[in-house]
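In our numbering, the protein residues as written are -4 to 148.
So the structure is just underneath, and the comments pick up after that.
This is the structure:
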C-alpha cells in the first residue's frame, strides 16, 4: 500500500518499528535504515541496479534481516513540485514494491543529493569517495526527513 501522506503511513505501521529508506536512481539504489523508535536514520548500503527482480530480491532480504516495518522511497520531483519522467519511474518502482506487503511512503527528495554533496564537500571527501557515499547518504537524508515528520504529529 502506497500511503497518501505521513498520517496514513503512520496509521498503517505498528507502533514503531524499523523503516528502510530508498534513494532510487537509474544506476544505483541508496539504502538507509532507522531505529525502531524513529530517532535517527543511518546510511546502509548501495545497490547497483540490474534487473528489477534482482533489485527487489536484495530489498526483500534487507527487509527480512532488519525487521523492516515500512518503506520510505525518495520521490524526485521537479524544483517547482511537478512530476518529471524520473518521478514517474520512481512511482512505478514503488508500485512494484507493493507485493512486499509493507506500507510505502513517497517522500519529496528534491534537495537530498545537493545537501549530502555539500556535506561531503565540506568534509573534503574526494570525488571517488563522494560517488561511493552520496546515494546511501541521500537515502538517510530522505528517511530522516520522513521520520522527523512522523514523530512531530
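Yeah, the Cβ is synthetic: ideal placement off N, Cα and C, and Gly gets one too.
No experiment lies behind these values; they were computed from the predicted model shown.
What's the call for residue 100, buried or exposed, on a 16-neighbour Cβ count within 10 Å? On the chain shown, residue 100 is found 105 positions in, with the first residue counted as 1. Around the C-beta of residue 100, 16 or more other C-beta atoms lie within 10 Å, and the residue is accordingly described as buried.
What separation, rounded to the nearest whole angstrom, lies between the Cα atoms of residue 77 and residue 103? Position 82 of the chain shown, counted from the start, is the residue given in the question as residue 77. Position 108 of the chain shown, counted from the start, is the residue given in the question as residue 103. Cα to Cα, residue 77 sits roughly 11 Å from residue 103.
Look at the alpha carbon of residue 36 and the alpha carbon of residue 67, and state the distance between them as a whole number of angstroms. Within the chain shown, the letter at position 41 stands for residue 36. Within the chain shown, the letter at position 72 stands for residue 67. Using only the alpha carbons, I get a separation of about 11 Å.
Inter-residue CB distance, residue 69 and residue 133 (contact presumed, cutoff 8 Å): The residue you call residue 69 lines up with position 74 of the chain shown. The residue you call residue 133 lines up with position 138 of the chain shown. The Cβ separation is near 7 Å, so the contact holds.
Assuming residue 7 and residue 98 form a contact by the criterion Cβ under 8 Å, report the distance between their Cβ atoms to the nearest whole angstrom. Indexing the chain shown from 1 puts residue 7 at position 12. Indexing the chain shown from 1 puts residue 98 at position 103. Confirmed, about 4 Å.
Contact under 7 Å by Cβ, residue 34 with residue 145: On the chain shown, position 39 is the one that residue 34 refers to. On the chain shown, position 150 is the one that residue 145 refers to. Contact flag unset, no.
How should residue 131 be labelled, buried or exposed, when 16 other C-beta atoms within 10 angstroms of its C-beta is the threshold for buried? Residue mapping note: residue 131 aligns to position 136 of the chain shown, counting from 1. Burial call: buried.
Terminal residues of the alpha helix (DSSP H) in which residue 52 lies: The sequence position of residue 52 within the chain shown is 57, counting from 1. It spans 47 to 61 - the alpha helix (DSSP H) in which residue 52 sits, taken as one unbroken run.
Outcome for residue 16 when other beta-carbon atoms lying within 10 angstroms are tallied against a minimum of 16: Position 21 of the chain shown, counted from the start, is the residue given in the question as residue 16. That one is buried.
Residue 30: CB within 6 Å of a non-hydrogen atom of the ligand SAH: By its list of ligands, the structure shown contains no ligand whatsoever, and the ligand SAH lies outside what it can speak to.
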